[in-house]
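Below is one structure; the comments refer to it alone.
Residue numbers (the working numbering): 1457 to 1690.
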């Protein structure tokens, strides 16, 4: 009787293990097909759902980074960082560093974002990264460091490179070189607030490249108003 019970239990355990393995394989196939279909349909929520299931069934760092990227690209920055963290890791892929940098900047964490952009720039320097670094360094008060990136950017930005701005209701793009010149003007003003004319002249250079550069126009208006404002009585 005992032998019979043992045989039955062993059979159940073996069958259960085999069934689970078979089910897991089928689920992987299903969610891989589901992922491809959601990508084809442009369904972001569906892609996130598929990748989440695939990651549970068969964890993958590459898939993890992709999932975080999709969250970040959909402006779900907190979710992206919950997946890959905020620490600076030498083992991170370029994609993971990019997600951390962009999401931290979007969540108004300039110092932490700067750390990630620096890491990415050390691997693959380019004009776009130089702009992000210049912008963040202005925000954190490093005008000297920011100007170095501006000079690099003005030299290396080509005519076909553009940068998007979102301060208006409708986003718009301007030549990247004009965006660098705008930051240059801000640095000049931050460095020498008594020489407003210099910063205004630099803003005029940016507007000469793109007269519809709204942010540069707003900056010029602000500096012009400050210049024309009567001095406070002592």
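Backbone N, C-alpha and C fix where the C-beta goes; we use that ideal spot for every residue, glycine too.
Check: Can you give the Cα-Cα distance for residue 1475 and residue 1482, rounded to whole angstroms?; Outcome: Only weak support is given to the placement of residue 1475: the predicted model assigns it a pLDDT of 49, under 50, and the question is left unresolved by the model.
Check: Applying the criterion that 16 or more other CB atoms from any shown protein chain within 10 Å of the CB defines a buried residue, is residue 1400 buried or exposed?; Outcome: Residue 1400 lies beyond the stretch modelled for the chain, which goes from 1457 to 1690, so this question has no answer here.
Check: Pick from 1496, 1627, 1574, 1659: whose alpha carbon is nearest that of residue 1546?; Outcome: 1574
Check: Taking 7 Å as the threshold (C-beta atoms), are residue 1627 and residue 1666 in contact?; Outcome: no
Check: Would you mind working out which of 1558, 1522, 1618 sits nearest residue 1589, comparing C-alpha positions?; Outcome: 1558
Check: Which whole runs of the beta strand (DSSP E) in the region 1599 to 1641 are 3 residues long or more, in chain order?; Outcome: 1618 to 1621, 1628 to 1631
Check: Residue 1485 and residue 1507 look like a contact to me (Cβ under 8 Å); what is the Cβ gap, rounded to whole Å?; Outcome: In fact, because the Cβ distance is near 15 Å, the residues do not count as touching under 8 Å.
Check: What residue from 1576, 1534, 1550, 1552 has the CA that sits closest to residue 1691's CA?; Outcome: For residue 1691 there is no data in the structure shown, the boundaries of the chain being 1457 and 1690.
Check: With 16 as the cutoff for other CB atoms within 10 Å, does residue 1625 come out buried or exposed?; Outcome: exposed
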